[in-house]
Structure formats: structure tokens, C-alpha cells
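Sequential numbering from 25 applies to the sequence shown in my numbering.
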Amino acid sequence: MADSIEHMLDRVSASPVLWNGLRRLAENNFAGEKALIEQVLAPFAQESTHRFLDLGCGTGELSPCFPARQYVGVDIAPGYIRFAHQHYPAHFAVMSGTNLAFPAHCFDSALILGVLHHLNDDLAWTMMHELERVLRPDALVLVMEDIPPPDRRNPAGHVLHWLDRGGFIRSDAEYVDLFGAGFTLVQRSTMRSGICDYGVYVLRRCN
25 MADSIEHMLD RVSASPVLWN GLRRLAENNF AGEKALIEQV LAPFAQESTH
75 RFLDLGCGTG ELSPCFPARQ YVGVDIAPGY IRFAHQHYPA HFAVMSGTNL
125 AFPAHCFDSA LILGVLHHLN DDLAWTMMHE LERVLRPDAL VLVMEDIPPP
175 DRRNPAGHVL HWLDRGGFIR SDAEYVDLFG AGFTLVQRST MRSGICDYGV
225 YVLRRCN
């Protein structure tokens with residue numbers, strides 16, 4: 025039974041259309057995520073030279089939250105990036121977060137949504153070091169990552185995490201440990217988007 029469910033989820037996640045539909049349903053059309061982007065990152069869009077990096081952009085679902093000319097989305101999945109190119113006007117590229125093909129200090133802020141819980145500690149640390157490299161000093165980073173549902177009255181959230189494609193869902197403290205010396209933790213909180221519980225972290229790149 026478990027193998028059948030895993031196979032079904034593999035097929036769903038391989039289809040951008042099906043994966044978008046499932047996530048929109050589970051996460052209330054990303055209302056919580058969009059509200060946080062509007063609060064933390066969107067104000068910088070008024071600066072026409074401000075560049076946003078969406079690290080692990082998936083299908084580009086959240087790219088409309090940013091000006092297309094100021095946004096770059098990267099993801100390791102070619103199928104998701106093809107879908108993003110077909111549906112959104114922003115710039116997208118197939119790229120691993122652990123080996124970003126950008127020069128140093130070329131982005132002013134970044135978004136990480138649901139990426140770190142797919143990476144073991146070594147890969148997560150490597151990605152954070154790469155992010156530090158490509159960000160300018162004092163750049164802000166908005167991180168939203170799956171955490172164990174704190175509310176036992178959220179059984180759907182527990183089931184969703186059991187089914188999640190990421191095998192490294194961490195506690196709040198464990199995520200903070202991953203950010204390393206290159207970032208200062210400005211703010212931390214939790215959020216429920218639909219049935220999904222997230223740890224929310226606002227980081228500032230050190231000088």
C-alpha cells in the first residue's frame with residue numbers, strides 16, 4: 025500500500041499541472057506564502073534595480089509576486105522550469121542551489137520556499153553558502169520551510185508530511201542551525217497555509 029502511494033505521488037509530482045493543483049488545494053492557493061512575500065520582499069520592488077532570486081522556484085507559481093524584469097527563478101527540475109517558461113514572463117533557469125551559476129553579490133534579496141527539507145545537512149549548508157555568495161551585503165532572505173505540525177488537531181497536516189517528497193523536515197531550532205554564520209536571524213515565526221505548517225525565517229546577509 026505504501027509503495028503504491030509513493031508511486032502515485034511520484035507521478036503527481038512529475039506533472040507540473042497536477043502538482044500545482046495538489047499544492048493549491050493543500051495550501052489554500054498559497055495565501056499565507058503570498059501574504060508574507062507581500063510583507064517582507066515586495067516593498068523592495070519599488071527599486072527598479074533590485075534583483076530577486078527565487079531559489080527552488082518549482083513551477084514559477086509565486087513569480088507573479090515580483091516584477092518580471094527583476095526576478096530570477098531557479099530549480100533543479102527541468103519539467104518545472106519548462107512549465108514556468110510557458111506560463112510566466114520572468115526569467116527561469118535549470119540550476120542546482122548548491123552550484124549557482126551567478127557571479128558574487130548579484131542579487132539583493134531571495135526567497136526559499138520548501139527547499140531545505142529536501143536536502144540533507146551537508147547539501148543544505150552548501151546551498152546556504154552559495155546563497156551567501158550571490159547575495160549582496162545586507163540582503164534579506166525570506167525562508168519558509170515545512171516543520172512538524174505543532175497542533176495534534178491538524179491530522180491532515182500530519183498525513184501530508186508523511187506523504188511529503190522531502191525526507192528532511194526539521195524542527196525550528198534545526199533550521200536555524202543550518203543558516204550558518206553568513207546570515208543574521210532577523211525574525212522567526214510559524215505559519216499555517218491551508219493544512220501545511222511552516223517555520224518562517226527572515227535572514228539578513230552579513231557584511
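All C-beta atoms, glycine included, are put in the ideal place defined by N, C-alpha and C.
Check whether residue i and residue j have beta carbons under 9 Å apart
| i | j | result |
| --- | --- | --- |
| G206 | E169 | no |
Residues bridged to residue i [DSSP beta-bridge criterion]
| i | result |
| --- | --- |
| I61 | BP columns for I61 are empty, so no partner. |
| F131 | L159 |
| F76 | Y95, S133 |
| V226 | L166, Q211 |
| R216 | D221 |
Neighbour-count burial assignment, residue i, 16 or more Cβ in a 10 Å radius
| i | result |
| --- | --- |
| H141 | buried |
| P40 | buried |
| S213 | exposed |
| H74 | buried |
| Q70 | exposed |
| S195 | exposed |
DSSP state of residue i mapped onto helix, strand, coil
| i | result |
| --- | --- |
| R194 | coil |
| S39 | coil |
| F68 | helix |
| V200 | helix |
| N231 | coil |
| F107 | helix |
Residue i Cβ short of 8 Å to the ligand GDP heavy atom set
| i | result |
| --- | --- |
| Q211 | Summarising the ligand content, the structure contains no ligands, and the ligand GDP is consequently not present. |
Residue ranges of each alpha helix (DSSP H) within the stretch 145–170, 4 or longer: 145–158
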